[in-house]
Structures are given as C-alpha cells and as structure tokens.
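The structure appears right after this line, and notes come after that.
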Amino acid sequence: MAEVRNYDCKRYVLVTHGHEVRGYAEGVHITVSRDAPTFTKKAGARGDVVRMRNHNRMGSLKVVLLPTSSSNNVFSTLIVLGENDASAVDDDIGPGLLKDLNGTTVCAWEAGWFTGPPETEVGDEAPNREYTLDIAEI
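Residues 57 to 194 in this note's numbering are what the sequence shown spells out, letter by letter.
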C-alpha cells in the first residue's frame with residue numbers, strides 16, 4: 057500500500073532571536089544550507105576510496121518576507137544593533153529553530169546573525185525582502 061503524507065508550509069515555524077517570523081513571501085520563503093558537505097571522497101591510484109569527514113557545521117538560512125511583514129522591523133533592529141554595537145556583548149547574535157509542527161525538527165542553532173540589510177527595491181509592486189542569517193553550527 058502507498059504511504060501518503062501531508063505537506064503544508066504553514067506547519068513550519070521559524071523562530072530566531074526569540075522572535076517568531078511572520079509575513080512570508082509566496083513561493084520558496086525559507087532555505088537552509090550548510091557551507092560544506094559533511095563527507096567528501098578521494099580515490100587512490102588503484103581505485104581505493106577514502107571517505108573524509110568535514111567537521112565544519114557552519115551554514116546559512118535565507119528567509120524571504122513581504123515588505124509589510126512586522127519581522128522586517130525586528131531583523132532591521134538586529135542588523136543595526138550589530139553594526140553599531142561597540143561593546144563586547146554581541147546582542148545581535150542569537151539562537152533559532154526551524155520546526156515542522158508535524159513533529160520533526162528540521163534544524164536548530166545557538167548562534168546566528170544577519171549578514172546585513174536586504175537589497176531594497178521600490179517600484180509599482182511590493183518587492184520582497186530577502187535576509188541571510190549566518191549560522192555558526194547547524
């Protein structure tokens with residue numbers, strides 16, 4: 057018998073820096089990736105293969121929001137805080153979680169920060185805002 061499962065993008069929750077993100081743009085609006093593969097391979101002169109483990113777990117998360125999303129204000133505040141903070145406390149670095157409410161945690165992190173403000177366009181239509189969050193270990 058075929059196994060049938062439901063998928064609903066509204067069943068995913070993204071929380072970063074204690075803020076539940078709202079106001080996603082249509083289409084693909086969350087993308088998570090690691091900077092490097094966990095394993096790579098190398099072949100020897102006689103066809104032997106070695107699998108090498110990479111312990112680099114850095115990655116990034118891209119989130120695309122509507123220009124009217126209240127999360128734009130939160131993200132902008134964190135970006136400005138990081139750019140202007142001269143103290144030793146990195147208040148713009150925070151934890152996060154992307155969770156599937158059907159029961160499977162997709163990813164979590166303890167230290168993530170925004171790389172900078174999104175590209176901003178102004179025109180006849182409401183352009184989306186794309187943010188990138190760098191993550192120390194995902």
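Note that CB positions come from ideal geometry on N, CA and C, so glycine has one too. Note that the structure is a prediction, hence the values are computed from the model and not measured.
For L137, the enclosing alpha helix (DSSP H) has its first and last residue at S127 to N140. Check the Cα spacing between P174 and each of V88, V71 and V120: the tightest is with V120. Under the 10 Å beta carbon count, Y63 is surrounded by fewer than 16 other beta carbons and is classified as exposed.
Contact between R109 and T94 holds, with the beta-carbon distance rounding to 7 Å and staying under 8 Å. When rounded, the separation of the alpha-carbon atoms in K97 and R90 is 18 Å.
Per DSSP, reduced to three states, the secondary structure at R185 is strand.
In the DSSP assignment, K66 falls outside any beta strand (DSSP E), carrying neither H nor E.
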